[in-house]
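Structure first, then comments.
Protein chains: 2
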Amino acid sequence: MINLNQDTITQAVVKSFEGTPDARLKEIMTSLVQHLHAFAREVKLTEEEWFKGIDFITRCGHITDDRRQEFILLSDVLGLSMLTVAMNNEKPAACTEATVFGPFHVDGAPEYDLGTDISNGATGTPCTVRGTVRGIDGKSVANAMLDVWQSDENGLYDVQKPEVSGAQARGIVHTDAEGRYSFDSILAVPYPIPHDGPVGQMLEATGRHPWRPAHLHFLIKADGYETLITHIFRNNSDYIDSDAVFAVRSSLVCDWVEQPDGRYLVEYDFVLNPKA
Amino acid sequence: MINLNQDTITQAVVKSFEGTPDARLKEIMTSLVQHLHAFAREVKLTEEEWFKGIDFITRCGHITDDRRQEFILLSDVLGLSMLTVAMNNEKPAACTEATVFGPFHVDGAPEYDLGTDISNGATGTPCTVRGTVRGIDGKSVANAMLDVWQSDENGLYDVQKPEVSGAQARGIVHTDAEGRYSFDSILAVPYPIPHDGPVGQMLEATGRHPWRPAHLHFLIKADGYETLITHIFRNNSDYIDSDAVFAVRSSLVCDWVEQPDGRYLVEYDFVLNPKA
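If you're matching them up, the sequences are chains D and V in order. Residue numbering for the first sequence follows our numbering, beginning at 3 and increasing consecutively. Residue numbering for the second sequence follows our numbering, beginning at 3 and increasing consecutively.
This is the structure in structure tokens:
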């Protein structure tokens with residue numbers, strides 16, 4: 003392991019992982035090193051570009067805190083998140099499709115009774131969200147936990163607003179005995195992902211826009227079923243065909259209907275896959 | 003760009019970079035996305051593993067500060083640094099070979115006259131370092147800048163010691179009219195790279211040691227010549243055959259000779275490549 007050159011170093015690094023006790027970790031490290039080196043070799047990465055890469059990832063690290071996750075954002079805009087979701091959520095066609103988790107979920111959101119307004123100060127056009135949770139066999143799923151989160155009318159999540167310390171437009175509800183859920187919130191709108199950091203600079207330098215179509219996030223857990231992480235999207239929203247994070251699935255696009263009183267109503271029924 | 007699956011997403015992401023004004027940036031992003039996706043696809047990365055990866059890289063970001071660079075360390079132990087060095091430093095055989103930069107260089111090191119002791123409080127066995135800087139044509143290079151840095155006898159660089167605010171065993175000297183350089187410092191010893199962070203945890207989980215053989219860093223700049231970033235290594239040092247960062251080249255290994263008075267002496271002549 004001396005005098006390694008560009009032709010011999012990859013095998014030497016792979017060999018250094020030979021003694022990894024965990025077979026899966028060994029497989030991951032081996033593949034990671036091979037593809038990382040293949041990338042550097044393919045573009046013949048210069049030392050200056052290497053330094054720029056170190057600087058970029060360092061800045062991603064330094065802007066990341068409890069309220070902001072630049073690395074998830076980076077994974078999202080590079081399509082790695084959606085690829086991972088797609089590979090791990092092959093389900094029968096009748097099941098609700100999964101999509102990306104995104105950087106704005108917060109553990110420990112407040113619990114609400116069905117029908118409650120969860121906006122809690124987030125501004126926007128009032129909107130009622132309701133529907134059912136069923137298994138693929140059609141049976142209703144009682145007591146399913148729906149953890150939901152969304153931005154306000156300015157496109158900002160609670161965690162993006164320094165002046166907000168509690169949860170806004172974010173909460174947990176449980177389905178009733180018939181598998182029904184409902185809550186009031188605000189109308190989802192398109193918004194740009196946070197683009198005042200290194201990921202935003204990368205998007206700008208590559209001529210990409212940072213916008214996502216209007217959507218509402220769901221994380222759904224129920225005994226006996228696979229956990230579902232998904233969104234529902236607003237039909238005809240701007241950017242529905244050019245989501246910055248590649249996450250739109252037509253089965254998740256639905257109508258958000260304006261009511262005579264100006265409120266909106268969206269109804270969506272989720273279908274869960276039983277655990278194997 | 004809707005309903006992307008694991009077979010179609012890579013092309014969609016590549017296409018999103020189509021409008022990149024800078025051709026080189028477009029080439030890099032296209033290759034990066036393809037290899038990143040190929041890695042995830044080859045190992046069929048799970049969502050749990052994706053979260054672990056996000057957590058790992060986040061922790062690398064948070065431990066990195068003005069005095070510690072975990073991302074360079076990560077690049078070093080994955081062999082990416084040495085690969086980049088190898089690809090970009092193909093020079094005539096007579097030139098001094100380059101090796102990795104490492105995470106411990108500091109801009110603005112103090113300048114010393116030739117022959118000065120630069121240890122400045124760093125503990126260790128006294129050691130004189132001297133030699134010449136020449137071009138590949140044999141002509142001596144006057145006024146070449148040698149920026150040198152090394153650890154103390156405990157294997158710690160000044161920036162790793164919270165109680166040290168100034169430069170220790172780190173400094174800049176310039177060659178004289180005959181291309182000669184000399185300074186006093188301390189004897190280099192093997193040391194483990196910082197392994198109390200995420201990179202150290204990765205090494206431990208994969209059964210790798212964190213040690214580097216004894217070495218002294220040089221960054222050499224001179225008008226009309228290519229900049230040289232390299233180390234010299236102590237012959238017969240422990241770990242000379244298993245450097246944690248894959249950086250040893252036999253042409254950089256030399257004898258550090260104990261003198262009758264207990265001091266050490268190392269002589270090394272550098273040969274620079276003229277700028278094209």
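The beta carbon of each residue, even a glycine, is placed where N, CA and C say it ideally should be.
Using 8 Å for Cβ pairs, my map puts residue i next to residue j. What's the rounded Cβ distance?
i                  : j                  : result
Thr-89 of chain V  : Lys-46 of chain D  : A small fix is needed here, since residue 89 of chain V is Met in this sequence, not Thr. Yes, they are in contact, since the Cβ atoms of Met-89 of chain V and Lys-46 of chain D sit about 6 Å apart, within 8 Å.
Ala-111 of chain D : Gly-173 of chain D : 5 Å
Gly-137 of chain V : Leu-38 of chain V  : Gly-137 of chain V to Leu-38 of chain V, Cβ: 42 Å. No contact.
Gln-152 of chain V : Ala-190 of chain V : 5 Å
If the criterion is Cβ atoms closer than 8 Å, does the pair residue i and residue j meet it?
i                  : j                  : result
Val-150 of chain D : His-219 of chain D : yes
Gln-170 of chain V : Gly-117 of chain V : no
Asp-154 of chain V : Ile-195 of chain V : no
Ile-231 of chain D : Ala-146 of chain D : no
Leu-82 of chain V  : Ala-42 of chain D  : yes
Val-259 of chain D : Ile-242 of chain D : no
Glu-50 of chain D  : Ile-30 of chain V  : no
Arg-214 of chain V : Val-268 of chain V : no
Pro-192 of chain D : Asp-263 of chain D : no
Glu-44 of chain D  : Ser-77 of chain V  : no
Phe-106 of chain D : Tyr-159 of chain D : yes
Pro-164 of chain D : Tyr-227 of chain D : no
Arg-69 of chain V  : Val-201 of chain V : no
Gln-36 of chain V  : Thr-12 of chain V  : yes
Phe-58 of chain V  : Ile-120 of chain V : no
Tyr-270 of chain D : Val-175 of chain D : no
Thr-98 of chain D  : Val-143 of chain D : no
Thr-125 of chain V : Tyr-266 of chain V : no
Give the DSSP bridge partners of residue i, in chain order.
i                  : result
Pro-194 of chain V : V:Trp-213
Ser-167 of chain V : Per DSSP, none; premise fails for Ser-167 of chain V.
Asp-119 of chain V : V:Asp-186
Leu-254 of chain D : For Leu-254 of chain D, which the question treats as bridged, DSSP gives no partner whatsoever.
Asp-113 of chain V : For the record, residue 113 of chain V in the displayed sequence is Glu; it is not Asp. The partner list for Glu-113 of chain V (beta bridge, DSSP) reads V:Ile-174.
His-219 of chain V : V:Trp-151 and V:His-233
Tyr-159 of chain V : Paired residues: none, contrary to the question.
At which residues does the alpha helix (DSSP H) containing residue i begin and terminate?
i                  : result
Asp-57 of chain V  : 49-65
Asp-78 of chain V  : 72-79
Met-3 of chain D   : Per DSSP, Met-3 of chain D belongs to no alpha helix (DSSP H) and is neither H nor E.
Leu-205 of chain V : 200-207
Ser-83 of chain V  : 82-90
Leu-233 of chain V : In the sequence on display, residue 233 of chain V carries His and not Leu. No alpha helix (DSSP H) contains His-233 of chain V, which is instead part of the beta strand (DSSP E) from 230-236.
Leu-27 of chain D  : 25-45
Would you mind reading off the limits of the beta strand (DSSP E) that contains residue i?
i                  : result
Val-175 of chain V : 172-176
Thr-134 of chain D : 128-137
Val-150 of chain D : 147-151
Thr-12 of chain D  : Unbroken run through Thr-12 of chain D is the alpha helix (DSSP H), 11-18; no beta strand (DSSP E).
Leu-267 of chain D : 266-269
Ile-242 of chain V : Neither: Ile-242 of chain V is in no beta strand (DSSP E) and is coded neither H nor E.
Leu-274 of chain V : 272-274
Glu-260 of chain V : 258-260
Contact between the segment 81-88 of chain V and the segment 119-137 of chain V (3+ Cβ pairs under 8 Å): no
Stretch-stretch touch, CB-based, cutoff 8 Å, three pairs: the segment 55-64 of chain D with the segment 72-79 of chain V: Touching, per the Cβ criterion.
contact_flag[the segment 226-242 of chain V, the segment 202-218 of chain V] where n(CB pairs < 8 Å) is 3 or more: yes
Three-pair Cβ contact test at 8 Å for the segment 19-36 of chain D versus the segment 205-215 of chain V: In short, these stretches touch, since the Cβ pair count reaches three.
Three CB pairs or more closer than 8 Å across the segment 5-13 of chain D and the segment 240-257 of chain V: yes
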